[in-house]
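*Asks:*
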Amino acid sequence: GARTFDALFEALGDICDMFHPDECWNFLKAAGYASD
Numbered sequence: 007g008a009r010t011f012d013a014l015f016e017a018l019g020d021i022c023d024m025f026h027p028d029e030c031w032n033f034l035k036a037a038g039y040a041s042d
């Protein structure tokens with residue numbers, strides 16, 4: 007598991023690489039981590 011901010015951010019980037027950028031953005035917005 008990610009134990010530092012950098013490792014967490016890198017893990018999020020790896021996850022987003024698996025999806026189209028719009029789909030990843032929509033997921034982050036739906037989870038409350040981003041706004042329009």
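Add 6 to the 1-based position in the sequence shown for this note's numbering, that's all there is to it.
Quick reminder that beta carbons are idealized off the backbone N, C-alpha and C, glycines included.
May I ask you to report which of helix, strand or coil DSSP gives Asp28?
*Replies:* Here Asp28 sits in helix by DSSP.
*Asks:* Following the continuous alpha helix (DSSP H) through Gly19, name the residue where it begins and the one where it ends.
*Replies:* Looking at the DSSP string, the run of the alpha helix (DSSP H) that includes Gly19 is Phe11 to Cys22.
*Asks:* Leaving out the 5 sequence neighbours to the left and right, which residues in its chain are closer than 7 Å to Leu14 when beta-carbon positions are compared?
*Replies:* Same-chain partners within the cutoff: Ala8.
*Asks:* According to DSSP, simplified to helix, strand and coil, what is Ala40?
*Replies:* Coil at Ala40, not helix or strand.
*Asks:* Excluding the five sequence neighbours on either side, which residues of its own chain have a C-beta within less than 8 Å of the C-beta of Phe33, listed in chain order?
*Replies:* Cβ neighbours of Phe33 beyond the five flanking positions: Phe25.
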